[in-house]
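Heads up: take any position in the sequence shown, counting from 1, add 366, and you land on my numbering.
Idealized CB from N, CA, C, for every residue including glycine.
In what follows, a structure is listed as structure tokens, so that the remarks can point back to it.
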Amino acid sequence: DFYDLAAGNYFTCGVLSGNSVSPVCWGLGFPASIPLAVSPGLCRDTPCPPGSHGDGDNSPCKSPGSRICLPCSTSCPPDMYLKSECTERSDQICVYNCSTCVSPDCSSKCSASLTGGGKAKGKFWSLQLPIATAEIGFAL
Numbered sequence: 367d368f369y370d371l372a373a374g375n376y377f378t379c380g381v382l383s384g385n386s387v388s389p390v391c392w393g394l395g396f397p398a399s400i401p402l403a404v405s406p407g408l409c410r411d412t413p414c415p416p417g418s419h420g421d422g423d424n425s426p427c428k429s430p431g432s433r434i435c436l437p438c439s440t441s442c443p444p445d446m447y448l449k450s451e452c453t454e455r456s457d458q459i460c461v462y463n464c465s466t467c468v469s470p471d472c473s474s475k476c477s478a479s480l481t482g483g484g485k486a487k488g489k490f491w492s493l494q495l496p497i498a499t500a501e502i503g504f505a506l
């Protein structure tokens, strides 16, 4: 029983359903890079070890209660801070620090969440006020 199949002119590759997600290929001339969306690890029935988290509801594992354990992220990107630690069920969660935005991505995310509080709103207006003043100056 196969979880997924891919084929070319003279070859076929498949991922066997069950505990392994390693591809198996047969035929002639199959590529070095398997043309399947192969899972990043093995399905397991046991809890994930410390330093890793399960793949949650998006698991490609067929057996109920099975999961693929993925390594936890080790740090947050610049402009972000740690909101919650890595757990057995999910990776760490990082959020933007809107009071110290440097990147355009941070600024756009923080200005989009104006309902979130005064600091994000203040940062948004401090960026918009010089632009509005320049537009009025050109109009006069």
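Taking the beta strand (DSSP E) that residue i belongs to, which residues open and close that run?
i      : result
Ser512 : Residue 512 cannot be examined here, being either before or after the span of the chain that is shown, 367 to 506.
Cys391 : Pro389 to Gly393
Tyr462 : Ile459 to Tyr462
Ser418 : Ser418 to Gly420
Arg455 : Arg455 -> no beta strand (DSSP E), and no H or E assigned at all.
Pro437 : Arg433 to Pro437
Gly380 : Phe377 to Leu382
With a threshold of 16 other CB atoms inside 10 Å of the CB of residue i, please say whether the residue is buried or exposed.
i      : result
Tyr462 : buried
Asp471 : exposed
Val381 : buried
Pro389 : buried
Asp411 : exposed
Phe504 : The predicted position of Phe504 is uncertain, since its pLDDT is 46 and thus under 50; a value taken from the coordinates is nonetheless stated next. Result: exposed.
Ends of the alpha helix (DSSP H) at residue i?
i      : result
Ser477 : Pro470 to Ala478
In chain order, what residues of the same chain have a beta carbon less than 8 Å from the beta carbon of residue i, not counting five sequence neighbours either side?
i      : result
Gly484 : Annotation note: pLDDT 39 at Gly484 (below 50); position unreliable, no value reported.
Thr442 : The sequence given here has Cys at residue 442, not Thr. Here the set comprises Leu448, Gln458 and Cys460.
Pro415 : Cys435
Gly431 : Asp411
Phe368 : Gly380, Val381, Leu382 and Ser383
Return the chain-ordered list of same chain residues with a C-beta closer than 6 Å to the C-beta of residue i, the five sequence neighbours on each side being excluded.
i      : result
Tyr312 : The chain is shown only over 367 to 506; residue 312 falls outside these bounds and no answer can be derived.
Ser439 : Asp457 and Gln458
Thr466 : none
Val468 : Asp445
Return the chain-ordered list of same chain residues with a C-beta closer than 7 Å to the C-beta of residue i, the five sequence neighbours on each side being excluded.
i      : result
Pro413 : Glu454
Met446 : Cys460, Val461, Tyr462 and Asn463
Just to check, is the beta-carbon of residue i closer than 7 Å to a non-hydrogen atom of the ligand HEM?
i      : result
Ser450 : The ligand HEM is absent from the structure shown, which contains no ligand whatsoever.
### Message
Contact between the stretch 450-462 and the stretch 407-420 is defined here as three or more beta-carbon pairs at a separation below 8 Å; is this criterion met?
### Response
When Cβ pairs closer than 8 Å are counted between the two stretches, the stretch 450-462 is seen to touch the stretch 407-420, the count reaching three or more.
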